[in-house]
Every structure is written in C-alpha cells, then in structure tokens.
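Input: a single structure, listed below in structure tokens.
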Amino acid sequence: APALAMEARAACGRRRVGLCVLCGLPAAGKSSLARGLRLLLPRRRHWDCALLAYDELIPPEAFAPAALGAGAPGLPSRWKSHRQELLRCVEHFLQALTSGGPLSAPAGCSEAAWERFVACCRGQGLLSSQAPEAGDCHYVANAAASRPLYFILDDNFYYQSMRYEVYQLARKYSLSFCQIFLECPLEQCLQRNRLRSDPLPDETISQMARKIEMPALDNNAWEKNSLILKSSECALEDNLQIIDFLANVLENPVKQNEQNTEQKEVDQAICAASTVHQADKTCRRIISQAMQDAKDKNAHPSEMKSLAEELNKLKAEFLEDLRQGSHLKSPSSDPVTSVTSSFQYEATTIVNKYILR
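In terms of this note's numbering, the numbers along the sequence shown are unbroken and rise by one, the last being 357.
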C-alpha cells in the first residue's frame, strides 16, 4: 500500500537498516564470519547488528538430505515453507521497527517458529521487556534512532531465487541490501564438515556444489551489491574490505521500483509455472519412451520398477531446479528445451545401466 511505503521510507530516514545475506557451501566459513561481524560492527562502527542463523531458526528435520531438492515430491516444499515462514517473521519485525507498533506473530506462522524467532531477537537485545498488558505482543527495543541496524542472514542461499526473496523485502521497505559470497573448494568444505559434531552427508554438500549459483553482477542489477571472497580472506582482524563494503551499501538503500513492478513479477510467476508444466509433460514422455525401450530389451520386472523410481526421482530434481530458476540464466535460451535436453541425456545414461548389463 502507498501509505505503508511512505511510512517505511520515513522511518528509514530516522534509522538506517541493512539486510546482508551470507552465502556459500556448508563449512565455507559463513557462520564464523557472521559471528565476527556480530561482535565487530558495534565496536568498529557503533552499529547494532543482529545475526539470523538459519540452522538455529529452522528445525533440523527441514534440513534432511531429501529436503534439499532430491527425493519424494513435497519434501522440497516443506523445507521451502520453513524459509518463507522465517522471512515473514523478519518482515513483521521490520514493520514493527518502522511503525513503532507492537510485534506480533504473522498470520499462518507456527507457534514454534515464532517462539524461536522471538527468542533470537530478545537474546540479541532487539526486543524490550514484555509489558504485562501486551499479551502475546512484544515491542522493539528503543535503540538510538541514529544508530544503524544490520541484519546478517547466515545460510547457504545457494539459489539466486533464495537471495532474491530477501532483496524483495529490502525493496519493499527501502532498506539496504547486499550479499557476501564465500568461495571455498569443495574438498576443503568436505574436510571441515567431517570435523563437525553433527556433519552433513558428503553427498548433500557435493550436490549443493553442483547447483550453487554465484552472484551474477553483470546480469542481475539487484545483485550489484555483492562481495565475492575466498574463504581464506575473511579474517576480520586484518581485512576491513567487508566493513567498508557494508558501510557503502548502507548509504545506498534499495529504491522503490515503478508501479508496474509487482504486475511484472506476477506475469513472471505465471510464465515460470507454465514453463515447469511444459517441462514436466516432456519429461513424462521421455520416461514413458525409456520404459518402453527397457521393456523391449527384456528388462526384468524388478529392474523395471527400480528404473521407474530412478527416472521419477531424476525428474523431480530437474523440475525443482527449474522452479528455483537455475535453468533460466540465459534469456536467449528456451528453458524447457534446455532442461528436457539435459534430462534426456541423463535418463538415457540411467536406462543404459539396466539394458547393457
């Protein structure tokens, strides 16, 4: 609404707020960097800094390997819904911050998710003591209005679409937005991960490495405020590049776009849904033909069942990638042709395992 946008802009004139997304493979050093910024920014710049660690704010079952884009339908959406729920909590905090009103749970947010978010905010001094008459509401701490506030979002954010959701939030409320991408060799991430008390499976990290999308500074205007660093370059004690980068971003909040921006995004969403539907139909035809080929080659019934399961799992992975936009990098190429061509190649490889035995 225009009134909300005006209110947000006026509030941000009193207090500057930035959203900083940390992205990269698991064990690349993001959490260490996040904790360092949490301590350093108040000391060096006298800014308030809040750390939102997704691993702590999203329940562990959402991070099961099958929920990372592979496996049965429904699992990726379950993991995605937890992320969107957390973003709704962040948005409600921003609304309370800009309006001065109470902070209450957003509609449709689970009680457990809201309690985790509130505990995180209170633990970092972002919420004042709850007034007895406030009921289930909380109040944002009355920090110095002239002191900037940076939210550090610590997660893998391996798809551009995941980061774009945070950018949309910054644009809606005229906040500053940036990304810090940590590059780290896969083998080094795997070695570090194995030393953790609760390590991820190697295959989960390897799969993420194949899918991860670095910031496209030249192609995406919204990713222009991105800093790409080698994991070994992130020692905060002797590297002020990050601090200077964050300071510059804070001075240049995201501007509200033209009025037709939202309609454009709706049109793009409709187009994306149509693209996935077309790709799904084509992949089904490829699977049907592959199964017929295997049958003609006298594949055993038990092998036919295993083949069907493997091909359908592959299809689910390809369609999830397409939904996330990983096949939409080049506007000059047809995404349906691109994804189905790749699917055809991998499906043929799988079929050959069964009929060439």
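Glycine included, C-beta positions come from ideal geometry on N, C-alpha and C. Predicted model, so just to flag it, every value in this text is computed and none were measured.
Check: Look at the Cβ atom of residue 152, then the Cβ atom of residue 89, and state whether they are nearer than 8 Å.; Outcome: no
Check: Got a sec? Which residues, its chain only, sit under 6 Å from residue 215 by beta carbon, not counting five neighbours each side?; Outcome: 179, 181, 223, 226
Check: Locate the alpha helix (DSSP H) running through residue 112, then write down its first and last residues.; Outcome: 111 to 123
Check: With DSSP as the reference, identify every bridge partner of residue 138, one or two as the case may be.; Outcome: 103
Check: Quick one, are the C-beta atoms of residue 19 and residue 117 less than 8 Å apart?; Outcome: no
Check: Buried or exposed, going by whether 16 or more other CB atoms sit within 10 Å of the CB of residue 29?; Outcome: buried
Check: Going along the chain, which residues of its own chain have a beta-carbon closer than 6 Å to the beta-carbon of residue 348, five neighbours each way excluded?; Outcome: none
Check: What three-state label does DSSP hand residue 155 in the structure shown?; Outcome: coil
Check: Mark residue 323 as exposed unless 16 or more other C-beta atoms lie within 10 angstroms of its C-beta, in which case mark it buried.; Outcome: buried
Check: Helix or strand or just coil, what does DSSP make of residue 17?; Outcome: strand
Check: Please state whether DSSP places residue 48 in a helix, a strand or coil.; Outcome: strand
Check: Return the CA-CA distance between residue 47 and residue 150, expressed in angstroms with no decimal places.; Outcome: 7 Å
Check: Please confirm whether any heavy atom of the ligand HEM lies closer than 7 Å to the CB of residue 139.; Outcome: Of the ligands one can find in the structure shown there are none, so the ligand HEM has no counterpart to examine.
Check: How would you call residue 174, buried or exposed, if buried means at least 16 neighbouring beta carbons within 10 angstroms?; Outcome: buried
Check: Can you give me the C-alpha to C-alpha distance between residue 37 and residue 206, rounded to a whole angstrom?; Outcome: 28 Å
Check: Quick one: what's residue 342 bridged to in DSSP?; Outcome: Paired residue(s): none; residue 342 is not in a bridge.
Check: Quick check on the DSSP output: the beta strand (DSSP E) that includes residue 229 runs from which residue to which?; Outcome: 226 to 230
Check: Identify whether residue 213 lies in helix, strand or coil by the three-state DSSP scheme.; Outcome: coil
Check: Can you tell me whether residue 85 is buried or exposed? The criterion is at least 16 other CB atoms within 10 Å of its CB, across all chains shown.; Outcome: buried
Check: Determine the contact status of residue 319 and residue 350, defining contact as a CB-CB distance below 8 Å.; Outcome: no
Check: Look at the alpha carbon of residue 154 and the alpha carbon of residue 31, and state the distance between them as a whole number of angstroms.; Outcome: 6 Å
Check: Measuring straight from C-alpha to C-alpha, what distance separates residue 241 and residue 22?; Outcome: 15 Å
Check: Is residue 180 helix, strand or coil when you go by DSSP?; Outcome: strand
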